[in-house]
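Asker: Following this message is one structure expressed as structure tokens.
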Amino acid sequence: MTTLPTRTDKKLGLVIDLDICVGCHACVTSCKEWNTGGYSAPLTDYDPYGADPDGAWLNRVHTYEIANDHFTGTVHFPRSCLHCEDAACVTVCPTGASYKRAEDGIVLVNPDTCIGCKLCSWACPYGAREYDHDQGVMKKCTLCVDRIYNETLPEEDRTPACVRACPTGARAFGDLGDPDSTVSQSVNDRGGFDLMAEMGYKPVNKYLPPRKGTDRAPVTNVAPAPEQTGSPIEKLFAWADRALSR
Amino acid sequence: MPPDPQIALSTPVGDSVKQTTCYMCACRCGIDVHLKDGPDGKPRVRYIEGNRAHPVNKGVLCGKGSAGIMQHYSPARLRAPMKRVGPRGSGQFEEISWDEALEIATGWLAPIRKTDPKRLAFFTGRDQSQSLTGFWAMQYGTPNFAAHGGFCSVNMAAGGLYTFGGAFWEFGDPDWDYTKYFMLFGVAEDHASNPIKIGIGKLKKRGAKVVSINPVRTGYNAVADEWVGIRPGTDGLFVGALIHELFRTRQIDLDYLVRYTNAPWLVIEAPGAADDGLFARDADGNPMVWDKATDAFGSGKAADIQPSLSGTHTLPDGRSARPVFELMAERYLGADYTPEAVEERTGVPAEQMRKIAAELAHVAFREEIVLDRPWTDWAGRKHDTMIGRPVSMHAMRGISAHSNGFQTCRMIHILQILLGSIDCPGGFRYKPPYPKQTPPNLLPHGAPGQIQPEMPLGGPHLGFPHGPEHLLIDADGTPSRLDKGFSWDAPISAHGLMHMVINNAAKKDPYSIDVLFMYMANMAWNSSMNVGGTLEALTATDDTGAYVIPKIIYSDAYYSETVPFADLILPDTTYLERWDCISLLDRPISEPDMVADAIRHPVVQPDRDVRGFQEVLIELGARLHLPGFINADGTPKFPGGYPDYITNHQRKPGIGPLAGWRGENADKACVGDPNPDQLDRYIENGAYFGLKLDPGHAYFRHANRGYLDWAIEKGIRLSPEPTIFQLYSEPMQKFRLAAQGHGDRQPPDRARARIEAHFDPLPFWYPPFEEQLVEGFPLHAITQRPMHMYHSWGSQNAWLRQITAANRLYVHTSVGRDLGVQDDDWVWLSSHLGRVKCQVRLMEGVNRHTVWTWNAIGKRRGAWGLDGDAPENTEGFLLNHLISELLPKGGGGYRYSNSDPLTGQAAWFDLRVKIEKAESGGTEPLFEPLGHASQPPSPDKLAYGAEWKEPAE
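In order, the protein sequences belong to chains X and L.
Reminder that position 25 of the first sequence reads as 25 in this note's numbering, one-by-one numbering, no gaps.
Whatever position you read off the second sequence (first residue = 1), add 246 for this note's numbering.
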């Protein structure tokens, strides 16, 4: 019902390194903090001190235990809008409130025309939309559109709040439409992947997979020290009995 | 297609930015606080982000720091000073003025000081102003002062300082830029925050290997390349096996040992003699070595000798002595520490231990780093390069919170030293003012003769005893301190034993007190062992109906579980409203390459009648006429309050709380006259000061002539002598000799065997005490805080509690299967002290013999501004109810504290439990709700930021 641009000049998005994310939630709260006073203001919190605290968040982190051929362990998985090229949340929107920007590919919701019908949250396969009950409108990751072009910010801070905050450096922001960008390079080098690629929504955000721990093990198969006779302690003292200067 | 809506892309973040220091945990990151006027025209906090220039966090900010807004505007904040008007625990208070509050406090404290100052016990929690609070307590004259270190990480501090003059946590860091192999021992999610996250990110990007040794695979341990899911309390066996392998395969940095350690020093072998096990010393008191160059005895402190590392040598007096290295080799090559011997107890396969030892040695010796950086060693010899062994380690609570933590921590340092990886490129690096001497030349004060009416104590409370002569006990051995610190129960308790204060006071053991004065420690809930017993102690009455602890003064910013149990409440500010001083005299924020300190300053003004605790303490000091807080004429010495103190207090001539911009012209660093404009300079510089080290001073600082001389000049080091690593710790042997009957200071008979066994001068492993004393509790139980919360503070934060509002008991899938429980089923968890009912969650990434949970999520109804039916109250639970502050009776019937026998460190993680399926739900124990009539109701809805919404175009 709402059309997508045929192409976008840029494909701005995030690259999230699952090998490094420790699940600290810095991206989660910095996102909340920025956006509750920014473009999406406010991100309402219901029952904030009660039995069922429930607010609107544009980014969440989930933790899973995984065991498969490639990886066994715990993965911290940050989840926010992936700014899909074929964004079902946009095409399903009856009012045009959900739209994908032609210049940079960011998917936004216009709160003035959103009627809160929630069709987009049903359509989104990633569960990345958040309904603000109080405001009656849908909210979502804006890639901090009010930061990344913000001329009142120093150049180096024109990046999404989650990337600015991330302590481990697990998050990067850039143009994934430009094969030479740092983010595209890291996707190339590390086998970055689309979340649920088989669904065909062509998410712009990419995830870098956790590396196998065995990849990091030093090779230790060096020749053993020449064998000497005696007990381990005799061998040790024989070896240590050389000229050592203080 | 209609055109896209026009949106405002360049709205300024706020009206102003102020830079200060975070306090959402203990990391002390630099923050930029963006302020924007609210509808009332008053500035409100719009956004908090990391200060890019700051040495601690370099611009990033964690999940807690980024939720600071909700901490600042928490409905749990206290509003005004209060005095209790109902019984303790009722929460019935009356708001009073600050003048009345301080008059009451003065009225309680002044008479004690005139008669018996030790009847005040002053203990602070997670505060970062211990140089001020300790100084205040010294001037008051009570020996009963400490902060929370005794129940946090004193084993790490003491283990490191007695061994190599530094320590894990904030006294040093892995060399994140050069390390190739990083081992993380027992590091919970909350220790530390941004620095370790930045570091791990660097290592992972560079392809360094990260090995985690932890019963639980979450957080940092989840991203490790290799997870060693060890059984709690057995790390000493694991490390011992690694050391065994290094000795067996002869992969040890002998040159490093000879240069920097006491490995060649000769130990007297004369069983039964008063100096058995002490170092053989020459006439000048120097430790002796056998010098192969001259075939004669030499001084272990001399340069250019060729000391022998093995062999029995006959001393001039005819007795024999052997080098430390030989004693160490015998211990660790012995049968107790083979990988096979320890694999069952640790749960770590022998093969894995051998592989890790081989990898450590490989990286240390075959991937060494050579920096072309000239430096001069302690003896004046010039070197063209710095050789690095790029193996580094970090360890925290999982090591320290056991009754074998001190010796285990020492063993980890031994491992580092054998690999030659302390303060070398790629290794573990000191942060100035470390290294100190081993142990530091700082002795505890508060012996009976030092406690006099109306007299200061004569020195700082906390220090590092070198032997029994430094214990704080009277002629009968009775402890001088209420917490029994520096007594035979805990001889080297360098941070005190805050976890024993309340219960000892109620039992009048060793004596009763009149006033308990606490700051920022949730001792009536998650910071105490045995919560029920602690609450009984806080409310116990004598025959006349009077409270056994007669007066309790408490300062906190929030309505915690502890507030209702105090008689007088001094409400603190939030971290955004206060002055603070993060001082080199206390817990500095230095980086390995930089001496640094910092301040907090008010970036917003309080909207209520609260005052920063330090401000109040200084005024109280003046009202009590404490020396150091008044002028000769009796007028207050710091009429300008805390900023006045920070600027003008001098601990020694030229040395004050802050190191930056000292001197008349603000051009002196570290040492210089007070500068009235100092705080303005800090504020201009982003609330911190940093002095970069000369690159030639970057490594080997324990023996780097340039650094040692520079550090003395800067007032951060006392001795020009190098710091010599104490593989073999002679102070331990002195305590052991006393236990064997030598010397005039003798332990009570009940303590002899305990002292003799545990004060081993060479690190060794022994089973944690609780499991030695109880049966029928097959599982270990431990806790950690999630990364997004810090101690008790998180649950009042509307954003953070949406991430975690209830805790579960995490159990291994196989344990759950055997028990027949699934996620969220209710179980009883029991210990020798009691039981709690809680819900389980099954997971694979936990040691099979271990259960764990998030600490301090469980809250008591009525506290923290939470509704009664909040999940924190109805599902949340604490393991504290299962942990006894006293050990079960051992032989002889005396009940020692549940602590490390050397340092008194609280042994939280020694807990043993059993688990049974519960028939019905509901968390237990469920304490009666605390009264909270003095607090405003919490809002049903938050729409923070709505006031700044751009109007629609």
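We put the beta carbon where it would ideally sit given N, CA and C, even for glycine.
Among L:879, L:936 and L:884, which has the Cα closest to the Cα of residue 200 (chain L)?
Answerer: The displayed coordinates of chain L run from 247 to 1199. Any statement about residue 200 (chain L) would go beyond what the structure contains.
Asker: Smallest Cα separation from residue 6 (chain X): which of X:99, X:135, X:51 and X:38?
Answerer: In the first sequence, residue 6 (chain X) corresponds to position 6, counting from 1. The residue with the shortest Cα to Cα distance from residue 6 (chain X) is X:99.
Asker: Count the other C-beta atoms from every protein chain shown that fall within 10 angstroms of the C-beta of residue 112 (chain X), then say buried if there are 16 or more, exposed otherwise.
Answerer: In the first sequence, counting from the first residue as 1, residue 112 (chain X) sits at position 112. Exposed, since its Cβ has fewer than 16 Cβ neighbours within 10 Å.
Asker: According to DSSP, simplified to helix, strand and coil, what is residue 868 (chain L)?
Answerer: In the second sequence, residue 868 (chain L) corresponds to position 622, counting from 1. If DSSP states are grouped into helix, strand and coil, residue 868 (chain L) belongs with the helices.
Asker: Distance check for residue 1052 (chain L) and residue 1071 (chain L), CA to CA, integer angstroms please.
Answerer: Within the second sequence, numbered from 1, the residue matching residue 1071 (chain L) stands at position 825. Within the second sequence, numbered from 1, the residue matching residue 1052 (chain L) stands at position 806. Distance between the alpha carbons of residue 1071 (chain L) and residue 1052 (chain L) is about 14 Å.
Asker: So, is residue 371 (chain L) buried or exposed, given that buried needs 16 or more other C-beta atoms within 10 angstroms?
Answerer: Here residue 371 (chain L) is taken as the residue at index 125 of the second sequence, counted from 1. Classification of residue 371 (chain L): buried, given that the 10 Å Cβ count is 16 or more.
Asker: Taking the beta strand (DSSP E) that residue 340 (chain L) belongs to, which residues open and close that run?
Answerer: Within the second sequence, numbered from 1, the residue matching residue 340 (chain L) stands at position 94. Residues 339–341.
Asker: For residue 910 (chain L), tell me which candidate among L:920, L:903 and L:901 has the shortest Cα-Cα distance.
Answerer: As a working mapping, residue 910 (chain L) is identified with position 664 in the second sequence. Considering only alpha carbons, the answer is L:920.
Asker: From residue 750 (chain L) to residue 729 (chain L), what distance separates their C-alpha atoms?
Answerer: Counting from 1 along the second sequence, the entry for residue 750 (chain L) is found at position 504. Counting from 1 along the second sequence, the entry for residue 729 (chain L) is found at position 483. So the alpha carbons of these two residues sit roughly 7 Å apart.
Asker: Using a beta-carbon distance below 8 Å, is residue 48 (chain X) in contact with chain L?
Answerer: Locating residue 48 (chain X) in the first sequence gives position 48, counting from the first residue. Answer yes: the Cβ-Cβ gap between residue 48 (chain X) and chain L drops below 8 Å somewhere.
Asker: Cβ closer than 7 Å: which chain X residues qualify as neighbours of residue 505 (chain L)?
Answerer: The count along the second sequence starts at 1 and reaches residue 505 (chain L) at position 259. In chain order: 246.
Asker: Quick one: is residue 1226 (chain L) buried, meaning 16 or more other Cβ sit within 10 Å of its Cβ, or exposed?
Answerer: The structure shown does not extend to residue 1226 (chain L), since chain L is modelled only from 247 to 1199, so the question has no answer here.
Asker: If you drop the 5 nearest sequence neighbours on each side, which residues of the same chain put their C-beta closer than 6 Å to that of residue 423 (chain L)?
Answerer: Translated into positions along the second sequence, residue 423 (chain L) becomes position 177. Nothing listed; no residue qualifies.
Asker: Are the beta-carbon atoms belonging to residue 91 (chain X) and residue 2 (chain X) less than 8 Å from one another?
Answerer: Stepping through the first sequence from its first residue, residue 91 (chain X) is reached at position 91. Stepping through the first sequence from its first residue, residue 2 (chain X) is reached at position 2. It is a contact, given that the beta carbons lie within the stated cut-off.
Asker: Starting from residue 149 (chain X), find everything on chain L with Cβ-Cβ shorter than 8 Å and list it in chain order.
Answerer: Position 149 of the first sequence holds residue 149 (chain X). Residues of chain L passing the Cβ test: 255 and 256.
Asker: Taking Cβ to Cβ, would you say residue 37 (chain X) is nearer than 8 Å to residue 757 (chain L)?
Answerer: Counting from 1 along the first sequence, the entry for residue 37 (chain X) is found at position 37. Counting from 1 along the second sequence, the entry for residue 757 (chain L) is found at position 511. Contact: no.
Asker: Using a Cβ cut-off of 9 Å, pull out every chain X residue sitting near residue 493 (chain L), in sequence order please.
Answerer: Looking up residue 493 (chain L) in the second sequence gives position 247. Those are 232, 233 and 236, listed as they occur along chain X.
Asker: Within the 8 Å Cβ cut-off, does residue 85 (chain X) reach chain L?
Answerer: By 1-based counting over the first sequence, the position of residue 85 (chain X) is 85. So, not an interface residue.
Asker: In its own chain, which residues sit with a C-beta less than 6 Å from the C-beta of residue 114 (chain X), not counting the 5 before and 5 after it?
Answerer: Mapped onto the first sequence, residue 114 (chain X) falls at position 114. These residues qualify, in order along the chain: 97, 137 and 138.
Asker: Between the Cα of residue 168 (chain X) and those of L:841, L:444 and L:611, spot the shortest distance and give me the residue it belongs to.
Answerer: In the first sequence, the residue the question calls residue 168 (chain X) occupies position 168. Among L:841, L:444 and L:611, the Cα nearest to that of residue 168 (chain X) is on L:444.
Asker: Taking Cβ-Cβ distances below 8 Å as the criterion, which residues of the segment 1040–1070 of chain L are in contact with chain X?
Answerer: Cβ contacts with chain X come from 1042, 1044, 1045, 1046, 1047, 1048, 1049 and 1051.
Asker: So residue 158 (chain X) and residue 148 (chain X) are supposed to be a Cβ contact under 8 Å. How far apart are they, rounded?
Answerer: As a position in the first sequence, residue 158 (chain X) is number 158, starting the count at 1. As a position in the first sequence, residue 148 (chain X) is number 148, starting the count at 1. Contact flag correct, Cβ pair sits at about 5 Å.
Asker: Could you round the C-beta distance between residue 1128 (chain L) and residue 1159 (chain L) to whole angstroms and report it? I think they count as a contact, below 8 Å.
Answerer: The residue labelled residue 1128 (chain L) in the question sits at position 882 within the second sequence. The residue labelled residue 1159 (chain L) in the question sits at position 913 within the second sequence. Right, the Cβ-Cβ distance comes to about 6 Å (below 8 Å), so this counts as a contact.
Asker: What is the residue span of the beta strand (DSSP E) that residue 18 (chain X) lies within?
Answerer: Along the first sequence, read from residue 1 onward, the residue named residue 18 (chain X) stands at position 18. Residue 18 (chain X) -> no beta strand (DSSP E), and no H or E assigned at all.
Asker: The beta strand (DSSP E) that contains residue 296 (chain L), what's its start and end?
Answerer: For this step, residue 296 (chain L) is matched to residue 50 along the second sequence. First-last of the beta strand (DSSP E) with residue 296 (chain L): 289–296.
Asker: Give the residues of chain L in contact with residue 110 (chain X), contact being defined as C-beta atoms less than 7 Å apart.
Answerer: In the first sequence, the residue the question calls residue 110 (chain X) occupies position 110. Residues of chain L passing the Cβ test: 251.
Asker: Quick one: grab the DSSP three-state call for residue 1027 (chain L).
Answerer: One-based indexing of the second sequence puts residue 1027 (chain L) at position 781. Note: residue 1027 (chain L) maps to strand in three-state DSSP.
Asker: Between the C-alpha atoms of residue 883 (chain L) and residue 877 (chain L), what's the straight-line distance to the nearest angstrom?
Answerer: Looking up residue 883 (chain L) in the second sequence gives position 637. Looking up residue 877 (chain L) in the second sequence gives position 631. For residue 883 (chain L) and residue 877 (chain L), the distance between alpha carbons rounds to 5 Å.
Asker: Alpha carbon to alpha carbon, how far is residue 307 (chain L) from residue 299 (chain L)? Give it in angstroms, no decimals.
Answerer: By one-based count along the second sequence, residue 299 (chain L) stands at place 53. By one-based count along the second sequence, residue 307 (chain L) stands at place 61. Near 13 Å, if we compare the C-alpha coordinates of residue 307 (chain L) and residue 299 (chain L).
Asker: What is the DSSP secondary structure of residue 1199 (chain L), counted as helix, strand or coil?
Answerer: Taking the first residue of the second sequence as position 1, residue 1199 (chain L) is located at position 953. Low per-residue confidence applies at residue 1199 (chain L): pLDDT is 48, beneath 50, and the placement is therefore not dependable, though the value from the model is reported in the following sentence. Reduced to three states, the DSSP call for residue 1199 (chain L) is coil.
Asker: So, for residue 239 (chain L): in the same chain, excluding its five sequence neighbours on each side, which residues have a beta-carbon less than 7 Å away from its beta-carbon?
Answerer: Past the edges of chain L, shown from 247 to 1199, lies residue 239 (chain L), and the structure says nothing about it.
Asker: Using Cβ-Cβ distances below 9 Å, what residues of the segment 616–631 of chain L are close to chain B?
Answerer: Among the protein chains in the structure shown, which are X and L, there is no chain B.
Asker: Buried or exposed for residue 466 (chain L), please, with buried defined as at least 16 other CB atoms from any protein chain shown within 10 angstroms of its CB.
Answerer: Residue 466 (chain L) sits at position 220 when you count from the first residue of the second sequence. By the 10 Å Cβ count, residue 466 (chain L) comes out buried.
Asker: Is there contact between the segment 256–275 of chain L and the segment 831–850 of chain L, where contact requires at least three CB pairs shorter than 8 Å?
Answerer: Yes, they touch.
Asker: Between the Cα of residue 459 (chain L) and those of L:428, L:447 and L:449, spot the shortest distance and give me the residue it belongs to.
Answerer: Numbered from 1 along the second sequence, position 213 holds the residue referred to as residue 459 (chain L). Among L:428, L:447 and L:449, the Cα nearest to that of residue 459 (chain L) belongs to L:428.
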